[in-house]
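Have a look at the structure below, then the notes.
In this note's numbering, the protein residues as written are 2 to 127.
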(Lines of atoms letter the chains of each structure in order from A and count residues from 1; the text may use other names and numbers.)
(Lines give C-alpha, C1' and ligand atoms only; values in the text may rest on other atoms or scores of the structure.)
Protein backbone atom coordinates (compact mmCIF):
# COMPACT_ATOMS: atom_id res chain seq x y z
CA UNK A 1 0.00 0.00 0.00
CA UNK A 2 1.28 3.46 -0.81
CA UNK A 3 0.77 6.40 1.50
CA UNK A 4 0.40 10.10 0.72
CA UNK A 5 3.41 12.32 1.44
CA UNK A 6 1.54 14.51 3.95
CA UNK A 7 -1.79 14.90 5.70
CA UNK A 8 -4.33 12.31 6.74
CA UNK A 9 -3.28 8.80 5.74
CA UNK A 10 0.43 9.59 5.57
CA UNK A 11 2.94 7.73 7.73
CA UNK A 12 3.20 9.36 11.16
CA UNK A 13 6.42 11.26 11.64
CA UNK A 14 8.85 11.18 14.54
CA UNK A 15 7.26 14.21 16.22
CA UNK A 16 3.75 12.78 16.45
CA UNK A 17 5.14 9.41 17.58
CA UNK A 18 7.18 11.13 20.27
CA UNK A 19 4.18 13.17 21.46
CA UNK A 20 2.07 10.00 21.69
CA UNK A 21 4.88 8.26 23.60
CA UNK A 22 5.15 11.07 26.17
CA UNK A 23 1.39 11.21 26.74
CA UNK A 24 1.15 7.42 27.12
CA UNK A 25 4.23 7.51 29.36
CA UNK A 26 2.56 10.07 31.63
CA UNK A 27 -0.57 7.90 31.72
CA UNK A 28 1.62 4.92 32.69
CA UNK A 29 3.09 6.91 35.59
CA UNK A 30 -0.43 7.80 36.71
CA UNK A 31 -1.44 4.12 36.61
CA UNK A 32 1.59 3.18 38.73
CA UNK A 33 0.87 5.91 41.28
CA UNK A 34 -2.79 4.93 41.50
CA UNK A 35 -1.63 1.34 42.06
CA UNK A 36 0.30 2.56 45.11
CA UNK A 37 3.80 2.81 43.66
CA UNK A 38 5.85 5.98 44.10
CA UNK A 39 9.11 7.10 42.49
CA UNK A 40 12.03 5.65 44.40
CA UNK A 41 10.08 2.69 45.68
CA UNK A 42 11.15 -0.79 44.70
CA UNK A 43 9.42 -1.93 41.53
CA UNK A 44 8.15 1.52 40.50
CA UNK A 45 10.02 1.58 37.18
CA UNK A 46 8.92 -1.93 36.29
CA UNK A 47 5.29 -1.11 37.05
CA UNK A 48 5.44 2.02 34.86
CA UNK A 49 7.04 -0.01 32.05
CA UNK A 50 4.45 -2.80 32.29
CA UNK A 51 1.61 -0.26 32.48
CA UNK A 52 2.91 1.36 29.27
CA UNK A 53 2.96 -1.99 27.47
CA UNK A 54 -0.50 -2.88 28.81
CA UNK A 55 -1.89 0.45 27.57
CA UNK A 56 -0.39 -0.23 24.14
CA UNK A 57 -1.82 -3.74 23.96
CA UNK A 58 -5.28 -2.92 25.32
CA UNK A 59 -5.97 0.29 23.44
CA UNK A 60 -4.48 -0.80 20.11
CA UNK A 61 -6.52 -4.00 20.23
CA UNK A 62 -9.77 -2.23 21.09
CA UNK A 63 -9.48 1.14 19.36
CA UNK A 64 -6.42 1.05 17.08
CA UNK A 65 -4.86 3.91 19.01
CA UNK A 66 -3.73 4.71 22.54
CA UNK A 67 -4.85 7.88 24.34
CA UNK A 68 -1.52 9.45 23.38
CA UNK A 69 -1.94 8.46 19.74
CA UNK A 70 -5.44 9.92 19.72
CA UNK A 71 -4.14 13.22 21.10
CA UNK A 72 -1.28 13.21 18.57
CA UNK A 73 -3.63 12.46 15.67
CA UNK A 74 -2.30 9.04 14.70
CA UNK A 75 -3.72 5.53 14.43
CA UNK A 76 -2.25 2.05 13.92
CA UNK A 77 -3.71 0.09 11.00
CA UNK A 78 -2.92 -2.96 8.88
CA UNK A 79 -0.42 -1.80 6.29
CA UNK A 80 -1.91 -3.82 3.43
CA UNK A 81 -5.50 -2.55 3.59
CA UNK A 82 -5.81 0.08 6.35
CA UNK A 83 -8.06 -2.14 8.46
CA UNK A 84 -8.12 -2.57 12.21
CA UNK A 85 -5.07 -4.50 13.45
CA UNK A 86 -5.67 -8.03 14.72
CA UNK A 87 -4.80 -8.98 18.30
CA UNK A 88 -1.92 -11.32 17.44
CA UNK A 89 -0.19 -8.59 15.40
CA UNK A 90 -0.78 -5.99 18.12
CA UNK A 91 0.70 -8.44 20.63
CA UNK A 92 3.74 -9.04 18.41
CA UNK A 93 4.16 -5.27 17.89
CA UNK A 94 3.98 -4.67 21.64
CA UNK A 95 6.59 -7.37 22.34
CA UNK A 96 8.89 -5.82 19.73
CA UNK A 97 8.22 -2.36 21.15
CA UNK A 98 9.26 -3.70 24.57
CA UNK A 99 12.73 -4.25 23.04
CA UNK A 100 12.89 -0.44 22.45
CA UNK A 101 15.38 -0.58 19.57
CA UNK A 102 12.93 -1.39 16.71
CA UNK A 103 10.99 1.84 17.29
CA UNK A 104 14.14 3.81 16.52
CA UNK A 105 14.92 2.18 13.16
CA UNK A 106 12.68 3.57 10.39
CA UNK A 107 12.71 2.59 6.72
CA UNK A 108 12.66 5.04 3.81
CA UNK A 109 8.91 5.63 4.24
CA UNK A 110 9.30 6.32 7.98
CA UNK A 111 7.81 3.04 9.23
CA UNK A 112 9.83 1.65 12.16
CA UNK A 113 10.98 -1.96 12.36
CA UNK A 114 8.30 -3.06 14.85
CA UNK A 115 5.55 -1.86 12.48
CA UNK A 116 7.14 -3.39 9.37
CA UNK A 117 7.72 -6.74 11.09
CA UNK A 118 4.06 -6.98 12.09
CA UNK A 119 2.54 -5.64 8.88
CA UNK A 120 1.18 -2.56 10.63
CA UNK A 121 1.53 1.16 9.98
CA UNK A 122 1.04 4.23 12.16
CA UNK A 123 -0.74 6.83 10.06
CA UNK A 124 -1.79 10.42 10.62
CA UNK A 125 -5.51 10.99 11.08
CA UNK A 126 -5.39 14.72 10.34
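Note that beta-carbon positions come from the ideal geometry of N, C-alpha and C, so glycine has one too.
Roughly how many angstroms separate the alpha carbons of residue i and residue j, rounded to a whole number?
i	j	result
residue 100	residue 94	10 Å
residue 68	residue 28	9 Å
residue 88	residue 40	32 Å
residue 2	residue 80	7 Å
residue 91	residue 83	14 Å
residue 65	residue 120	14 Å
residue 16	residue 32	24 Å
With residue i as the anchor, note down where its alpha helix (DSSP H) starts and where it stops.
i	result
residue 124	No alpha helix (DSSP H) contains residue 124, which is instead part of the beta strand (DSSP E) from 121-125.
residue 93	88-99
Could you check whether the Cβ of residue i sits closer than 9 Å to any Cβ belonging to chain C?
i	result
residue 22	Annotation note: the requested chain C is absent from the structure, which comprises a single protein chain.
Alpha helix (DSSP H) segments (min. 4 residues) lying fully within the segment 3-82 | 15-35, 45-64 and 68-73
Evaluate the contact criterion for the segment 44-63 versus the segment 3-16: three or more CB pairs, one atom per stretch, below 8 Å.
-> no
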